[in-house]
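Accompanying notes for the structure given below.
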Amino acid sequence: IPVLNWFAPALNNHPVHGLGKWSEEDVAQYLQAGANRHAATYGPMSEVIAHSLQYAKPTDIQAMATYLKSLPAQAPVEKESTGLGERTLQPLMQRGENIYTNTCAECHGKKGEGKPNQFPALAGNVNVIAPNPANAIRMVLNGGFSPSTQGTPYPHGMPPYRVELSNTDIAAVVTYIRRSLGNAASGVASVEVDKLRGAQ
Numbered sequence: 024i025p026v027l028n029w030f031a032p033a034l035n036n037h038p039v040h041g042l043g044k045w046s047e048e049d050v051a052q053y054l055q056a057g058a059n060r061h062a063a064t065y066g067p068m069s070e071v072i073a074h075s076l077q078y079a080k081p082t083d084i085q086a087m088a089t090y091l092k093s094l095p096a097q098a099p100v101e102k103e104s105t106g107l108g109e110r111t112l113q114p115l116m117q118r119g120e121n122i123y124t125n126t127c128a129e130c131h132g133k134k135g136e137g138k139p140n141q142f143p144a145l146a147g148n149v150n151v152i153a154p155n156p157a158n159a160i161r162m163v164l165n166g167g168f169s170p171s172t173q174g175t176p177y178p179h180g181m182p183p184y185r186v187e188l189s190n191t192d193i194a195a196v197v198t199y200i201r202r203s204l205g206n207a208a209s210g211v212a213s214v215e216v217d218k219l220r221g222a223q
């Protein structure tokens, strides 16, 4: 979503970058409650759920879920950046692991497993491993809350770390979660964080 500086993940059945690992019930729960065992909404999708989808008829939500699960897997259109060399990645990963252990692991788990219906897993999370790291960067920078819905009346949120963490710190922790915890996405440069720090 270029104007909003968010990345819209695929809604097809790609096993890594889409809904391939989600059941039809997972999709329906996500669309109506704003969270499921795989992920929680934030950003523009939270607004869609808060102001629209949570009020939809369950039969309409089920029809949407059935349709989305019928879409064949397609490779991502956007290709991952590979601009960071191994000499840059190694110290960034070490720094990121330290930040993750001290700042993130209490909620998201030592292995990125999360806590069901509380804190989303980072391992295998579509927004973490997306070809474009914008969503993961924005969550660390600005924090976020899923919408309060009938299915999730008291959603947990994530605090912002834009003051506590520098651009390099955020690049390090996002690189760490994208390249460890069972994930294998590209690293993130501090310039990418700087670009989003000023975005709305």
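Numbering of the sequence shown is given in this note's numbering, commencing with residue 24 and proceeding in unit increments. Where a beta carbon is used, it is the ideal one built from N, C-alpha and C, also for glycine. The structure presented is a predicted model; accordingly, all values stated were derived computationally and were not measured.
A33 is positioned such that its CB atom lies closer than 8 Å to that of P99. R201 and I152 do touch by the CB rule: their CB atoms are close to 6 Å apart, below 8 Å. In this structure, the alpha-carbon of M87 lies about 9 Å from that of V50. With a cut-off of 8 Å on Cβ pairs, the segment 41 to 59 is not in contact with the segment 118 to 138, counting fewer than three such pairs.
K138 carries a strand assignment under DSSP once its states are collapsed to helix, strand and coil. Residue pairing by DSSP places M181 opposite G167 in a beta bridge.
Bounds of the alpha helix (DSSP H) holding N150 are 149 to 152. The three-state reading of DSSP puts A58 in strand, counting E and B together. Per DSSP, A208 has no beta-bridge partner at all. According to DSSP, residue pairing for A159 in a beta bridge does not occur.
A distance of 8 Å or more separates the beta carbons of F30 and N165.
For V196, the uninterrupted alpha helix (DSSP H) run begins and ends at 190 to 202, by DSSP.
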